[in-house]
Amino acid sequence: MPNPRVRIYTDYKSPYAFVANKRLFELQETHGVELEWLPYTLRVAEFMGTVEERTPHFWRKVRYAYMDARRYANAQGLVMKGPRRIYDAFYSSVGMLFAQQHGFFRPYHDTVFRRFWSHELEIDDLAAITDVITSCGGSASEFEAYVNGPARAEHDRIIDEPKRLACSAYRPWCSTASCSGAATASTC
């Protein structure tokens, strides 16, 4: 009988995703589940607005969330420095997919998380992610061909899937073909 599969959506810029890794890998080891890691690149401006639109109350919530996540990081002996700016994690996310396809997911995954949260890696810099790929044994030219080829379509299909699943689960009248995740009853 095959091991049960648990789908994990993760984003390298999420502090909670970073601190969840240890427990997720323990789950794999102790319970024999297969973890299916997929990128979920948060588009921060789409759901939180621009930096200029944010209120002092919003920033207090952000600081508290990072303080909370840092407690979990400290308990695991992890370094977690708050991000210096808002990142587009596309390159690191498609780097994850590339690493999976080429058999070096775990070293890539651990390196990206550790270096990003230690301020040693810019996850939206293609050259920096390519360096991680090559340090894990991957080919820079193959990765760049992937980025400039099918990566965007594959990435977008993966991150849109949870929206489609949520739409069909919470809006049974809505067909997944017409529901974008932001649809209303009037558009379904």
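Start counting the sequence shown at 9; every next residue gets the next number (this note's numbering).
From the three backbone atoms N, C-alpha and C, an ideal C-beta is built for every residue, glycine too.
Within 9 Å, strictly: CB atoms of residue i and residue j
i, j, result
"Phe151", "Phe106", "yes"
"Thr38", "Ala28", "no"
"Phe26", "Ala81", "yes"
"Arg15", "Val102", "no"
"Glu61", "Pro12", "no"
"Tyr72", "Gly90", "no"
"Pro170", "Tyr48", "yes"
For residue i, the three-state DSSP class (helix, strand or coil)
i, result
"Tyr48", "coil"
"Glu130", "coil"
"Tyr95", "coil"
"Tyr20", "coil"
"Leu86", "coil"
"Tyr102", "Looking at the sequence provided, one finds Val at residue 102 rather than Tyr. Val102 falls in the helix class under three-state DSSP."
"Val120", "helix"
"Val140", "helix"
"Val14", "strand"
Integer Cβ distance of residue i from residue j, believed to fall under 8 Å
i, j, result
"Gly146", "His117", "That belief does not hold up - the Cβ atoms of Gly146 and His117 are roughly 13 Å apart, past 8 Å."
"Ala208", "Tyr154", "Examination of residue 208 is not possible in this model, given that the chain is present from 9 through 196 alone."
"Cys144", "Phe124", "With a Cβ gap of about 15 Å, Cys144 and Phe124 do not count as contacting."
Spatially closest choice to residue i from the options, by CA coordinates
i, options, result
"Arg79", "Tyr24, Val155, Arg13, Asp96", "Tyr24"
"Met88", "Ser101, His127, Gln108", "His127"
"Asp139", "Leu173, Ala161, Ser100, Lys171", "Ser100"
"Ile167", "Gly40, Pro10, Leu50", "Leu50"
"Leu32", "Lys21, Ser22, Trp45", "Trp45"
"Ser22", "Ala161, Ile94, Arg114", "Ile94"
"Thr119", "Val70, Ile137, Ala97, Asn156", "Ile137"
"Pro10", "Glu34, Gly40, Lys30", "Gly40"
"Arg114", "Asp132, Arg92, Ile141, Asp76", "Ile141"
Buried versus exposed, by CB contacts within 10 Å (16 or more), residue i
i, result
"His163", "buried"
"Leu173", "exposed"
"Glu104", "For the record, residue 104 in the displayed sequence is Met; it is not Glu. It counts as buried."
"Phe66", "exposed"
"Ala135", "exposed"
"Ala148", "exposed"
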